[in-house]
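Asker:
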Amino acid sequence: MTTEEVENRQETKKVLKRFGKKRGNLIPILQKVQSRLGYLPVEAMEEVAGFLGISEVDVYEVVTFYNQFRLNPPGKHSIRVCLGTACHMKGGYITMDAWKRRLGIDVRQTTPDREFDLDSVACVGCCVMAPVTVVDDKPEGNVEPTKVDGILLSFELEREKEAKKNR
Ligand code: FES
C-alpha cells in the first residue's frame, strides 16, 4: 500500500467517526470524504463499505451514478469544456476531442502527473465567445484545437519558469 493510500484510509476513518452506521448516511459520508480528499479513491470506498456493512460494488454504483462524485484526484489545473447549446453548435465537441487527445485522458479523468483534470460543463454564460473552455475558473473564448495547443504551451512555459526559479 502506498503512503497516499494509507493516508486516504486514515482520513476516511476520521470522517466515519462522525457518522452512524446507517445506509442512509452513505451519500453524506461520501460528500464529506470527497471534500477532505478531493476525490473518492478505491481505498476510501472500501472503508466506507466496511463501515456501513454494504458491498463495495454498492458504494461504487452510487459514486458513479452521481455527477458530484469524482473517482480521480483533482489536477493542479482544471479544464472544463462547455458543451452548452451555443458551444455545441460552434464545435464544442471538436474542442473536447482536442483536449482529450492533447492531454491523453478522457472526460472526468486526471493526467498521470496530476497537472490537469478534464470535464465538461453546461453553459457558463458567455455564449458569444463560443466555443468556450473554462481554464482554472477563467472562461477562454473561441477555443478551437489550435488554441488548445496555445493554452497548453503557456502552461508549459509557466512550468519552465517555475523550474528555473527553484534551481
Ligand atoms: S453554451 Fe457555452 S457559454 Fe453558453
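All residue numbers for the sequence shown refer to numbering that gives the first Met the number 0, where the first residue is 0 and numbers rise by one. For each residue, glycine too, the CB sits at the ideal point set by N, CA and C. The model shown is predicted, which means the values in this text are computed figures rather than measured ones.
What residues match up with His76 in a beta bridge as DSSP calls it?
Answerer: Here the question's residue 76 lines up with position 77 in the sequence shown. In DSSP, His76 forms a bridge with Phe115.
Asker: Round the Cβ separation of Arg35 and Asn71 to the nearest angstrom and send it over; I've been treating them as touching at under 8 Å.
Answerer: Reading the sequence shown from its first residue, position 36 is the one you call residue 35. Reading the sequence shown from its first residue, position 72 is the one you call residue 71. No, Arg35 and Asn71 are not in contact; Cβ-Cβ is about 16 Å, not under 8 Å.
Asker: Do you know how far the Cα of Glu159 is from the Cα of Val131?
Answerer: Against the sequence shown, residue 131 aligns to sequence position 132. Against the sequence shown, residue 159 aligns to sequence position 160. For Val131 and Glu159, the gap between their C-alpha atoms comes out near 27 Å.
Asker: Relative to the C-alpha of Met0, which residue among Leu25, Lys16, Glu42 is closest?
Answerer: The count along the sequence shown starts at 1 and reaches residue 0 at position 1. Checking every option, the nearest Cα to that of Met0 belongs to Glu42.
Asker: Among the residues of its own chain, which have a CB less than 7 Å from the CB of Leu151, if the five just before and after it don't count?
Answerer: Looking up residue 151 in the sequence shown gives position 152. Counting only residues of its own chain and dropping the five nearest sequence neighbours on each side, Leu151 has a CB closer than 7 Å to the CB of Arg101.
Asker: Under a three-way DSSP split, which group does Cys126 fall into?
Answerer: The residue you call residue 126 lines up with position 127 of the sequence shown. The answer is helix: DSSP assigns Cys126 an H, G or I state.
Asker: Nearer than 7 Å: is that true of the beta carbon of Val173 relative to any heavy atom of ligand 1?
Answerer: This structure does not reach residue 173, given that the chain is present from 0 up to 166, and the question cannot be answered.
Asker: How do the segment 47-60 and the segment 83-103 stand: do at least 3 beta-carbon pairs fall below 8 Å, yes or no?
Answerer: Counting C-beta pairs closer than 8 Å gives fewer than three between the segment 47-60 and the segment 83-103, which falls short of the contact rule.
Asker: Give, in chain order, every unbroken run of the alpha helix (DSSP H) that is at least 4 residues long and sits entirely within the segment 14-47.
Answerer: Counting whole runs of 4 or more residues, the segment 14-47 contains the alpha helix (DSSP H) stretches 25-36.
Asker: Consider the Cβ of Asn66: report whether some Cβ of chain C lies at a distance smaller than 8 Å.
Answerer: Although the question refers to chain C, the structure presented lacks it and comprises just one protein chain.
Asker: Restricting to Cα atoms, I'd like to know which of Glu10, Lys16, Asn24 is closest to Tyr38.
Answerer: By one-based count along the sequence shown, residue 38 stands at place 39. Nearest of Glu10, Lys16, Asn24 to Tyr38, Cα basis: Glu10.
Asker: What do you get for Thr63, buried or exposed, if any count of 16 or more other CB atoms within 10 angstroms of its CB means buried?
Answerer: In the sequence shown, the residue the question calls residue 63 occupies position 64. Here Thr63 is exposed, its C-beta having fewer than 16 other C-beta atoms within 10 Å.
Asker: With 16 as the cutoff for other CB atoms within 10 Å, does Pro40 come out buried or exposed?
Answerer: Taking the sequence shown and counting its residues from 1, one reaches residue 40 at position 41. Per the 10 Å Cβ criterion, buried.
Asker: Closer than 7 Å: is that where the CB of Val123 sits relative to any heavy atom of ligand 1?
Answerer: Working through the sequence shown from its first residue, we reach residue 123 at position 124. Yes.
Asker: Report the three-state DSSP secondary structure of Gln9 (helix, strand or coil).
Answerer: As a working note, residue 9 is residue 10 in the sequence shown. In this structure, Gln9 counts as helix in the three-state DSSP scheme.
Asker: Is Gly83 near ligand 1, in the sense that its beta carbon is under 7 Å from a heavy atom of that ligand?
Answerer: As a working mapping, residue 83 is identified with position 84 in the sequence shown. The answer is yes for Gly83.
Asker: Can you name the start and end residues of the beta strand (DSSP E) that Val56 belongs to?
Answerer: What you label residue 56 is simply residue 57 of the sequence shown in a count that begins at 1. Unbroken run through Val56 is the alpha helix (DSSP H), 55-64; no beta strand (DSSP E).
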